[in-house]
Amino acid sequence: MTDLNSKLAAIAIVGALVLGGCGTVVERVEVDEVRDLSGEWNDTDSRLVSEEMIKDVLAHPWLGEFQSGKGARPAVIVGEIRNLSHEHINTKTFVADMERALINSAKVDFVASKTERQEIREERSDQEVHAREDTRKEMGQELGADYMLQGTINTIIDQEGKESIKYYQVDLTLISLVDNRKVWVGQKKVKKFVKKGALRL
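Numbering (this note's numbering) for the sequence shown: 4 to 204.
Listed below in structure tokens is the structure:
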């Protein structure tokens with residue numbers, strides 16, 4: 004019985020260790036810390052690509068030409084950023100990163116998106132009925148955009164066994180709303196080597 008009890012006790016201890024090892028572990032990290040877990044597009048890619056591309060677009064001649072002709076900052080709006088990649092990419096966070104970089108540059112005015120404008124217009128319409136006259140915001144006073152930023156995110160994946168190369172290509176185009184001229188075309192590439200480890204039980 005002693006040997007049997009010892010074996011049962013050992014099994015219980017091993018079982019407890021296994022179950023304990025399966026528990027969820029949470030560790031808080033800095034928001035700007037880089038941690039690639041899956042090798043897929045992540046928050047770091049979104050932030051770095053958007054910042055670099057916005058820096059590039061603001062360094063090209065279209066900005067100076069507009070300011071010299073109009074004497075004011077151009078108004079920019081971000082249009083559709085299409086995800087044509089092999090994986091799910093939240094383009095809304097990428098758009099938000101670009102909006103932040105544009106606004107923080109203080110070189111352009113930024114116009115609200117189509118969805119945001121609709122909500123704001125509904126609020127103005129509501130004010131026409133319910134707000135005091137001295138606080139109402141009139142219709143027809145919106146700032147029209149001068150340029151629209153559009154783009155795509157594509158991927159190429161080369162895989163052999165547990166190793167793969169993930170190649171991301173982001174293409175952005177800045178288009179004049181007056182005459183549909185493409186005043187800037189930018190491209191950013193991200194390449195990752197991913198090696199999956201052996202499954203351990």
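Even for Gly, the Cβ is constructed at its ideal location relative to N, Cα and C.
For clarity, every value in this text was computed on a predicted model and none was experimentally measured.
Distance, Cα to Cα, residue i vs residue j?
{"i": "LEU175", "j": "LYS165", "result": "32 Å"}
{"i": "ASN213", "j": "GLN130", "result": "No information on residue 213 is available, as it lies outside the stretch 4 to 204 that the chain covers here."}
{"i": "ARG85", "j": "GLU145", "result": "27 Å"}
{"i": "ASP182", "j": "GLY74", "result": "19 Å"}
{"i": "ASP59", "j": "ARG135", "result": "45 Å"}
{"i": "ARG50", "j": "VAL186", "result": "23 Å"}
{"i": "LEU204", "j": "PRO64", "result": "The pLDDT assigned to LEU204 is 49, lower than 50, so where the model puts this residue is not dependable; a value taken from the coordinates is nonetheless given after this. When rounded, the distance between both Cα atoms is 58 Å."}
To which residues of the same chain is residue i closer than 7 Å at the C-beta, ignoring the five residues directly before and after it?
{"i": "ARG127", "result": "LYS140 and MET142"}
Looking at the secondary structure, which residues open and close the alpha helix (DSSP H) in which residue i lies?
{"i": "ARG50", "result": "46-60"}
{"i": "LEU66", "result": "64-73"}
Would you mind working out which of the options sits nearest residue i, comparing C-alpha positions?
{"i": "LYS195", "options": "VAL114, ASN45 and VAL28", "result": "ASN45"}
{"i": "ALA78", "options": "GLY154, LEU66, LYS198 and PHE97", "result": "LEU66"}
{"i": "GLU119", "options": "GLY82, ASP100 and ALA104", "result": "GLY82"}
{"i": "LEU152", "options": "GLU163, LYS198 and LEU61", "result": "LEU61"}
{"i": "GLN172", "options": "LYS199, GLY189 and HIS91", "result": "GLY189"}
Strictly under 8 Å for the Cβ-Cβ distance: is residue i near chain D by that measure?
{"i": "VAL132", "result": "Considering every chain present, this structure includes no chain D. It has just one protein chain."}
For the beta strand (DSSP E) containing residue i, list its first residue and its last residue.
{"i": "VAL98", "result": "Note, VAL98: premise wrong, no beta strand (DSSP E); alpha helix (DSSP H) at 94-108."}
{"i": "ARG85", "result": "78-86"}
{"i": "GLN218", "result": "Since the first residue of the chain shown is 4 and the last is 204, residue 218 is not available in this structure."}
{"i": "GLU163", "result": "150-163"}
Note down, in chain order, each residue of its chain lying with its Cβ closer than 6 Å to the Cβ of residue i, except the 5 sequence neighbours on either side.
{"i": "ASP161", "result": "ILE168"}
Three or more C-beta pairs closer than 8 Å, one from the segment 119-126 and one from the segment 55-67: is that the case here? no
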